[in-house]
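Chemist:
Protein chains: 2
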Amino acid sequence: MADSSGPPSGENLLFLTDDQLRKGIEAMFFAYRGFTADPDRILSEKGYGRAHHRAVHFINRSPGTTVNNLLSILGVTKQSLNRVLRSLIEDGLVESRIGKQDKRERHLFLTEAGEALERALSDAQRDRMRGAFRQAGPDAVSGFRQVLEAMMDAETRRHYKRLKEGGT
Amino acid sequence: MADSSGPPSGENLLFLTDDQLRKGIEAMFFAYRGFTADPDRILSEKGYGRAHHRAVHFINRSPGTTVNNLLSILGVTKQSLNRVLRSLIEDGLVESRIGKQDKRERHLFLTEAGEALERALSDAQRDRMRGAFRQAGPDAVSGFRQVLEAMMDAETRRHYKRLKEGGT
DNA sequence: CTTGGAATGTCAACAAGGCTGACATAATAT
DNA sequence: ATATTATGTCAGCCTTGTTGACATTCCAAG
Chain A
0 MADSSGPPSG
10 ENLLFLTDDQ
20 LRKGIEAMFF
30 AYRGFTADPD
40 RILSEKGYGR
50 AHHRAVHFIN
60 RSPGTTVNNL
70 LSILGVTKQS
80 LNRVLRSLIE
90 DGLVESRIGK
100 QDKRERHLFL
110 TEAGEALERA
120 LSDAQRDRMR
130 GAFRQAGPDA
140 VSGFRQVLEA
150 MMDAETRRHY
160 KRLKEGGT
Chain B
0 MADSSGPPSG
10 ENLLFLTDDQ
20 LRKGIEAMFF
30 AYRGFTADPD
40 RILSEKGYGR
50 AHHRAVHFIN
60 RSPGTTVNNL
70 LSILGVTKQS
80 LNRVLRSLIE
90 DGLVESRIGK
100 QDKRERHLFL
110 TEAGEALERA
120 LSDAQRDRMR
130 GAFRQAGPDA
140 VSGFRQVLEA
150 MMDAETRRHY
160 KRLKEGGT
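Quick mapping for you: the protein sequence lines, in order, are chains A and B.
Heads up: the first sequence at position 57 corresponds to 56 in numbering that gives the first Met the number 0, and the numbers run straight through without jumps.
Heads up: the second sequence at position 127 corresponds to 126 in numbering that gives the first Met the number 0, and the numbers run straight through without jumps.
#1: Going by DSSP, what residue range makes up the alpha helix (DSSP H) through S141/B?
#2: Just checking, does the region 104-111 of chain A make contact with the region 53-68 of chain A on the three C-beta pairs under 8 Å criterion?
#3: Rounded to the nearest angstrom, what separates L73/B and F34/A at their Cα positions?
#4: What residues in the region 72-90 of chain B have a beta carbon less than 8 Å from any beta carbon of chain A?
#5: List, in order along the chain, the chain B residues whose C-beta lies closer than 9 Å to that of V55/A?
#6: Work out the CA separation of K45/B and S17/B for me, nearest whole Å.
#7: Looking at the C-beta of D101/B, does it have a partner C-beta in chain A at a distance below 8 Å?
#8: Taking 8 Å as the threshold (beta carbon to beta carbon), is I58/A in contact with chain B?
#9: Measuring CB to CB, does L147/B end up less than 8 Å from L116/B?
#10: Taking the alpha helix (DSSP H) that E89/A belongs to, which residues open and close that run?
#11: Report the neighbours of N11/A on chain B: residues whose CB is nearer than 9 Å to its CB, in chain order.
#12: Evaluate K160/A with the Cβ neighbour count: other Cβ atoms within 10 Å of its Cβ, from every protein chain shown; 16 or more gives buried, anything less gives exposed.
#13: I want to see whether chain A comes within less than 8 Å of E117/B, judged by CB atoms only; does it?
#14: Tell me the DSSP secondary structure of E94/A in three-state form.
#15: How would you write the range of the alpha helix (DSSP H) that F28/B sits in, first residue to last?
#16: What residues from chain A crowd round G142/B, counting only those whose CB sits closer than 7 Å?
#17: Looking at the structure shown, is T110/A part of a helix, part of a strand, or coil, going by DSSP?
#18: With F57/B as the anchor, note down where its alpha helix (DSSP H) starts and where it stops.
#19: Any idea which residues DSSP pairs R129/B with across the strands?
#20: Any idea what DSSP makes of R105/B, helix, strand or coil?
#21: Can you name, in chain order, every residue of its own chain whose Cβ lies under 8 Å from the Cβ of E114/B, other than the five neighbours on each side?
#22: Work out the CA separation of N11/B and N81/B for me, nearest whole Å.
#23: Counting only beta-carbon separations shorter than 8 Å, does E111/B have a partner in chain A?
#24: Write down the C-beta distance between L20/A and M128/B rounded to the nearest angstrom, noting that I regard them as a contact closer than 8 Å.
#25: Select from R53/A, D138/A, Y31/A the residue whose C-alpha is nearest the C-alpha of S121/A.
#26: A139/A and G142/B - do their beta-carbons sit closer together than 8 Å?
#27: Please check if any C-beta of chain B sits within less than 8 Å of the C-beta of G130/A.
#28: Please return the same chain residues whose Cβ sits closer than 7 Å to the Cβ of D39/A, not counting the five positions on each side in sequence.
#29: For chain A, find out if any of its Cβ atoms is closer than 8 Å to the Cβ of Y31/B; answer yes or no.
Below, the structure written as structure tokens:
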């Protein structure tokens, strides 16, 4: 159970004690609350929720993405996603275009209003992230990303890395 | 909007570009899913949810804590928490003892069954965290924690630090 | 001793956002 | 021709959050 079973075998493995792990767990819990707090405020003003934020974020990230693709990134059922997409389309934030090659597919795009909402949400979230990054410094940020990446499911990590290539 | 407005003023501030921030945002989203995946599986087998996990975690962390204290840590309404606590008490996982000094207060403790569930949940979650920590290494873990701490709300960070002191 | 307020519990109602299952439609693939 | 895929939709259920109202118990101040 604990890591107190064996000797540290040469390396310093104190960062793997149950206590260190518990701190990491609590840090994740508390930090995620901060991470979502600012967008949540904006969203609730407009009658949306976190699910709308996610949809808008990934449509903005990959304009023209299909519903199926979005489903596999978000990891929810099509019924859940559809409820969210329907309201976004009705409110004129998202446009759904029938595919040219495969007419079964719908390609999703943000309208100008959708882009405005996305910008408001990501500005708020980036401000928080920027403050944390600046405070912690570049080396800490690198470690932060390394740990988070290692915490993902293998399949999720594929999505993350595919998206990551877009930048840099 | 972007950090491309001014020169990096001597330091290397490339880690604060919008693109780096976006990657951090997506890493948080994807990693949090992995972070909760293992406990979620155990919980759903037993008919519980994430809210039960949180309650059990923090009662284990601070045995004898009051309902009010738990409320301020979890950041939910008493009605939400009460629903969760009631089911845990009914199922014999949590014991609620009337306070000795102040008999209005209820002090919460895990029963043996409650401790067993807590152990199952935290073992699963620690395994994931340990794997990520080991893969990333001690310096990365330090950075991970620095960034997460800086991302919390000020009030939340107080709770986090108070809890943190318990260990070390 | 009375009264105000704090801590807690509980009831009702509601909403978001997950889920499953079933079914419909259109278009592509075999 | 038939099977499969992509999508949408309806109905219903669950968890977990919310608000508002009200009861109880008890400490503490007047």
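Ideal placement from N, C-alpha and C gives every residue a C-beta, glycine not left out.
All of these numbers come straight from a predicted model, not from anything done at the bench.
Modeler: The short version:
#1: Start and end: 137-150.
#2: Judged by Cβ distances under 8 Å, the region 104-111 of chain A makes contact with the region 53-68 of chain A, as three or more pairs qualify.
#3: Going from the Cα of L73/B to the Cα of F34/A covers about 15 Å.
#4: The region 72-90 of chain B vs chain A, Cβ under 8 Å: G74.
#5: Within 9 Å Cβ-Cβ: nothing; V55/A doesn't reach chain B, min ~13 Å.
#6: It should be noted that the sequence gives Asp, not Ser, for residue 17/B. If I take the Cα positions, the gap works out to 42 Å.
#7: Judged by the 8 Å Cβ criterion, D101/B is not in contact with chain A.
#8: Not an interface residue.
#9: Here L147/B is not near L116/B, since their CB atoms are 8 Å or more apart.
#10: Where E89/A is concerned, the enclosing alpha helix (DSSP H) stretches over 77-89.
#11: Going along chain B in sequence order, the residues near N11/A (Cβ under 9 Å) are P137.
#12: By the 10 Å Cβ count, K160/A comes out exposed.
#13: Interface residue (Cβ-Cβ distance to chain A less than 8 Å): E117/B is not classified as such.
#14: Correct three-state label for E94/A: strand.
#15: That run of the alpha helix (DSSP H) goes 17-44.
#16: Simply A135, D138, A139, V140, S141, G142, F143.
#17: DSSP places T110/A in coil when its eight states are reduced to three.
#18: Per DSSP, F57/B belongs to the alpha helix (DSSP H) from 49-60.
#19: According to DSSP, R129/B bridges with nothing at all.
#20: Annotated three-state conformation of R105/B is strand, per DSSP.
#21: The beta carbon of E114/B is closer than 8 Å to those of N59 in its chain, skipping five residues each way along the sequence.
#22: So the two alpha carbons sit approximately 50 Å from each other.
#23: False, the Cβ-Cβ gap to chain A never drops below 8 Å.
#24: L20/A to M128/B, Cβ: 5 Å. Contact.
#25: Ranking R53/A, D138/A, Y31/A by Cα distance to S121/A puts R53/A first.
#26: Their beta carbons are under 8 Å apart, which means G142/B touches A139/A by this criterion.
#27: For G130/A, the answer is yes, since a Cβ of chain B falls inside 8 Å of its Cβ.
#28: If we look at D39/A and ignore the five residues flanking it on each side, its Cβ neighbours are R49.
#29: For Y31/B, the answer is yes, since a Cβ of chain A falls inside 8 Å of its Cβ.
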